[in-house]
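Quick note: the sequence shown uses our numbering, first residue 10, plus one each step. We put the CB at the ideal spot given by N, CA and C, even for glycine. A short write-up of the structure that comes next.
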Amino acid sequence: MVFPGRFSTGCDLCRKRKIKPRQERPQAPHQAPPLTQNVNSSQTLVQAPRRAAPPAIIPQPEVSYDEVSICYFIRRFVTPDDNDNLPGHLTFLPSLYKRESHGLLELATLSVAQMAAYNHFGGDKFRLQSYQNYGRALGALRKTIQSEDEVTDDRVLAAVLLLTMFKDIGEEGWGDPSEHAPGLYYLLQKRGVEQFCTSRGFELFLLALLKLQVHSFLHQDNRYTDPGGLVHMLSVVDPMMRAMSLMTKTMSLRQDLLKCTSIPSENHNENREPNENQARPENGGRSSGSDQYVLQACFEALEDFDRWDTDAEPYWRNTFHGRSIAALGELATGSTYYDPKTACIIILIRSARLILLLSILEYYDAMQSSCSDTEAWRVGDRAAWENCIPVLEHTIRLAIDDMLYCVPFALGDLGPDGSPVSIHPDGAASLVVFQPLRLVTYCAYATPEQRTCSQNILNRMKTGVGVRSAIPWSEQVGGIALEA
């Protein structure tokens, strides 16, 4: 074949179709029109760009159970520090806790925080580590008390408070929540007046005193109600301590009334064989004059509660930035907003009044059952009692109404404008007020609506918040409530 003098620039496809090539550069297949692209079999095709290699898989960081539990516990069970000088619940914990330390406070905090995380998230590892840290904290506490080097430190008292809290949120039937009462009493007495010099020390004292008063009510034990007489001494100058003094006085009067009511039952059963396990009243018995003295002190204490409501209103307004406290029965009828701390204090004060009223009515029931219609009453006149009892029962319902009205504010469900709040430390208030709500469920003088409302709140605290001890007393004692 004779060489024509030039190279052919057409591709094989153009030659086959006998068309004039357009001399275009090759393009990607998805860009070129079909059957019109000049492609020479001798030319090298342009390679498509390679896809970038997938990034290397980074291993997921290991979950720190300690960090998760601590963050959850502080967010839900610690009251935020508002710098308002009003005591809250464990407000001091973030400043005392040392992350890198493994001391008594850190072990106690981890034990209760991991149990709280177990109640909320589940997971056996939370539960196992919680019990392990609780045992280590008990060992560290024994060494601290034996050495007596740091027993007056705030960290030691805070650790004991956390250990008592462990029993409140722990599994049902595990341990006695009051087993740390002697230790709390010892620490408060050892710390003396100096603990009131700081707001943190004052908050620690109030939280510990509440635990001791709960122990006194549940176990009928008044040995630990006023450590070192500090409550009575400071009740003259501080309204907050005056309220705590009234609560302490209520526990003492309740024990005196129980001793008075034990006399008729013994006289009624004098022909029966004595029971070795039956408790005997002190001094072998009480006279009607002694009953009269105790009852007079009880009604004077009720007047003290009324005076405290009157005096606390201006004190709260002037000391705590415009906050206020209303008198008995005026809370539920109004529309005033109460901050969570004030609401918790109101619930505690109303519960103390409720305990005193219940004690008086229990005494009346015991006298009524022991005396026939023809017998003279040991104290007072029967007609006077019959006129007084409806007033006492009505006062009980007013106190319960105030308590239930304050619960949404205490749990932080409502904001200052009355709108619901999405994130709030409801666990802090739950640990403070669940015992008074249990008392309402056990009160036969409460209305069915009041008992139902209290039971619903306790169910929320138990299932939603994780306070396992928030169960009605009627369930704990086999469904037997106080008889009216």
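Burial state of P96 is buried, judged by a 10 Å Cβ sphere holding 16 or more other Cβ atoms. Counting only residues of its own chain and dropping the five nearest sequence neighbours on each side, F205 has a CB closer than 6 Å to the CB of F211. Counting along the chain, M470 sits inside no alpha helix (DSSP H), nor does DSSP assign it H or E at all. DSSP lists P429 as the beta-bridge partner residues of L423. The beta carbon of A361 sits closer than 7 Å to those of L255, M256, T259, all from its chain and outside the five residues before and after it, given in chain order.
Around the C-beta of R151, fewer than 16 other C-beta atoms lie within 10 Å, and the residue is accordingly described as exposed. Looking at D411, D435, H98, V77, the one whose alpha-carbon comes closest to that of L219 is H98. Just measuring C-alpha positions, the residue of C397, A392, L227, T234 sitting nearest L448 is L227. The C-beta of N94 has fewer than 16 other C-beta atoms within 10 Å across all chains shown, which makes the residue exposed. Residue nearest to I405 within the set L215, Y143, I369, A146 is I369 (criterion: CA-CA distance).
Look at C20 here: in three-state DSSP terms it is coil, with no helix or strand label. Our two residues, R136 and D411, have alpha carbons roughly 37 Å apart in a direct line.
The three-state reading of DSSP puts Y451 in coil, since its state is none of H, G, I, E or B. CA-CA distance, Q141 to Q444, rounds to 28 Å. For E76, the enclosing alpha helix (DSSP H) starts and ends at 74-86. Residue environment for M124: buried (at least 16 other C-beta atoms within 10 angstroms of its C-beta). In the three-state reduction of the DSSP assignment, T404 falls in the helix class, which pools H, G and I. Every alpha helix (DSSP H) stretch that sits fully inside the stretch 221-263 and reaches 4 residues is listed by chain position as 239-243. The stretch 155-174 and the stretch 104-116 touch, with no fewer than 3 CB-CB distances between them shorter than 8 Å. Comparing alpha carbon positions, the residue from G424, P248, V441 closest to F329 is P248. Classified as exposed, A393 has fewer than 16 neighbouring CB atoms from the shown chains inside 10 Å of its CB. R359 is a Cβ neighbour of A408, given a cutoff of 7 Å. Contact annotation: A252 and H224 have beta-carbon atoms that are not nearer than 7 Å. Taking the Cα positions, E180 is about 29 Å away from D90. The DSSP-derived three-state label of P457 is helix. Here DSSP, grouped into helix, strand and coil, assigns I480 to coil. Per DSSP, T342 lies in no alpha helix (DSSP H) segment and is marked neither H nor E. A distance below 6 Å between beta-carbons, with the five flanking residues on each side excluded, links L22 to no residue of its chain. Rounded to the nearest angstrom, the gap between the Cα atoms of V442 and L357 is 7 Å. About 5 Å separates the CB atoms of A438 and L420; that is less than 8 Å, so the two are in contact.
Restricting attention to I354, I355, I398, D133, the CA atom closest to the CA of D374 is found in I398. Secondary structure remark: continuous alpha helix (DSSP H) runs of at least 4 residues inside the stretch 94-165, in chain order: 102-105, 113-130, 133-156.
Going by DSSP, D374 is part of the alpha helix (DSSP H) stretching over 349-379. Only buried fits R85, as 16 or more other CB atoms lie within 10 angstroms of its CB.
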